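Colleague: All residue numbers for the sequence shown refer to this note's numbering, where the first residue is 7 and numbers rise by one.
Even for Gly, the Cβ is constructed at its ideal location relative to N, Cα and C.
As the structure is a computational prediction, the values presented were derived from the model and not from experiment.
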Amino acid sequence: MASKKIFILTNMAPSPEKPSSGIFVTNQYEYLKEHDKDNSYELMGMYRQFTDMWGSVKKYLVYFRKVIKHLKENRYDIIHVHYYFPLLPLTYFYARKKGTKTIVTIHGSDFYEKMENKIFRSMFRFFLKKSDYIISVGEEMKTDFEKVMKVPVNEVLSAGVDDSVFFPMNEEKLYDFLFVGSLIERKGFDIVLKLMEDTAKFGCRWCVVGLGLKKYESELKRIKQENPNLITYIPALKQTELNVINNRSKWFFFPSRNEPFGLVASEALFSGTPVISTPSGGLKEQVFENVNGFLINDLDDYVGMVQLIKKAFYMSNDDYNNLKKNCNSSSSIFSLRYVCNRTVEIYNSL
7 MASKKIFILT NMAPSPEKPS SGIFVTNQYE YLKEHDKDNS YELMGMYRQF
57 TDMWGSVKKY LVYFRKVIKH LKENRYDIIH VHYYFPLLPL TYFYARKKGT
107 KTIVTIHGSD FYEKMENKIF RSMFRFFLKK SDYIISVGEE MKTDFEKVMK
157 VPVNEVLSAG VDDSVFFPMN EEKLYDFLFV GSLIERKGFD IVLKLMEDTA
207 KFGCRWCVVG LGLKKYESEL KRIKQENPNL ITYIPALKQT ELNVINNRSK
257 WFFFPSRNEP FGLVASEALF SGTPVISTPS GGLKEQVFEN VNGFLINDLD
307 DYVGMVQLIK KAFYMSNDDY NNLKKNCNSS SSIFSLRYVC NRTVEIYNSL
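#1: Counting along the chain, where does the beta strand (DSSP E) carrying residue 240 start and finish?
#2: Return the bridge partner residues of residue 301 from the DSSP annotation.
#3: Which residues share a DSSP beta bridge with residue 50?
#4: Per DSSP, residue 139 forms a beta bridge with which residues?
#5: How about residue 81 and residue 177: are their beta carbons less than 8 Å apart?
#6: Rank 282, 324 and 170 by C-alpha distance to the C-alpha of residue 374 and give the top, closest one.
#7: Just curious, the alpha helix (DSSP H) that residue 150 is in, first and last residue?
#8: How many Å lie between residue 291 and residue 156 at the Cα?
#9: Is there at least one Cβ from chain D nearer than 8 Å to residue 80's Cβ?
#10: Any idea if residue 4 is buried or exposed, counting beta-carbon neighbours within 10 angstroms, 16 or more meaning buried?
#11: Taking all protein chains shown into account, decide if residue 101 is buried (16 or more other Cβ within 10 angstroms of its Cβ) or exposed.
#12: Rounded to a whole number of angstroms, what is the C-alpha to C-alpha distance between residue 318 and residue 112?
#13: Closest to residue 209 by CA distance: which of 227, 73, 181 and 231 is it?
#14: Pairs of beta-carbons, one from the segment 293 to 302 and one from the segment 228 to 247, closer than 8 Å: are there three or more?
#15: On the three-state DSSP scale, how would you describe residue 6?
#16: Could you tell me if residue 34 is buried or exposed, where buried requires 16 or more neighbouring beta carbons within 10 angstroms of its beta carbon?
Here you go:
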């Protein structure tokens, strides 16, 4: 089989400001480059930074110019676009001219947050229909996407967890509950703040890893100041450091309101940490009631959530260890190895 030149594009690349942003795309690229010697790979990502609206416009214009210049100077067999908004139009004209195949991976924010706009929806429906292969990172998002965009998805394939980075370790449990993610309402962080304050009354130890809205960061710091021995806040971590924190936590708590896949929950499960989450999107494909965690079926039932936290907090060691043993039992299709091997098959099939 002839070698292919593959160009991977993403507008979510890690930066010092946001070290975990889009890290899964970088992980896939590094894995593919190391393990697939039959094809060659290049990655061009746009670093995620905190900017105002005009800063974002400038950032995208600089990135677009860089991508266009690079495409003019190079020839590729396949372009793989992660987060199709707003990148896809750039690749369409190149692919049409050069006969290049285009693969799109939908991650969630490119669909749920951007396609509410009718003009964007119509425009990107056109470009998506011209793509050669479309991947969704979750089953529920596939259904939602096909219903709204009227474009078929070829395959569901998660972002992939690197099991050489996320794995069980023999660490002392320093935290009862861990939240990892953006400190925003969509991730349910407003619920986390309320629960932290209320469950501190019976000694729950919480750890929060992430950055987000200033109002939530300020509220978190206030609660931490009032409960210095019970609240730990870490704005950002490398993945190897996150694995240690996962292992030092008894439970991973993730009340997300909208989660196409939920990679942080996968990482916790790979680390051997049971998960308490909503059944939103891809989370219900990973978290199973009383098997490797618990599901929050009603985010409006705050009293029920407090009772669930108490149930987890006071659970016997035997019951907890049974859940812990099941964390890795059904995760093979979510591993980086599986995802990248399947991605190579897709590349070669084109």
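Modeller: Concretely, from the data shown:
#1: Taken as a continuous stretch (DSSP letters only), the beta strand (DSSP E) holding residue 240 covers 237 to 240.
#2: For residue 301, DSSP records a beta bridge to 283.
#3: Bridge partners of residue 50: 15.
#4: Among the bridge pairs identified by DSSP, residue 139 is matched with 109.
#5: In this structure, residue 177 does not lie closer than 8 Å to residue 81 by Cβ.
#6: Only positions 7 to 356 of the chain appear in the structure, and residue 374 is not among them; the question remains open.
#7: Its alpha helix (DSSP H) spans residues 145 to 155.
#8: Cα to Cα, the separation comes out at about 24 Å.
#9: In the structure shown, chain D cannot be found, because there is only a single protein chain.
#10: Nothing can be reported for residue 4: it is not among the residues displayed for the chain, which extend from 7 to 356.
#11: Classification for residue 101: buried.
#12: Computed Cα separation, rounded: 34 Å.
#13: Across the set 227, 73, 181 and 231, the C-alpha of 181 shows the shortest separation from the C-alpha of residue 209.
#14: Taking a contact to require three or more Cβ pairs closer than 8 Å, the segment 293 to 302 and the segment 228 to 247 do not qualify as touching.
#15: Lying before the first or after the last residue shown, residue 6 is absent from the chain, which here runs from 7 to 356.
#16: With 16 or more Cβ atoms within 10 Å of its Cβ, residue 34 is classed as buried.
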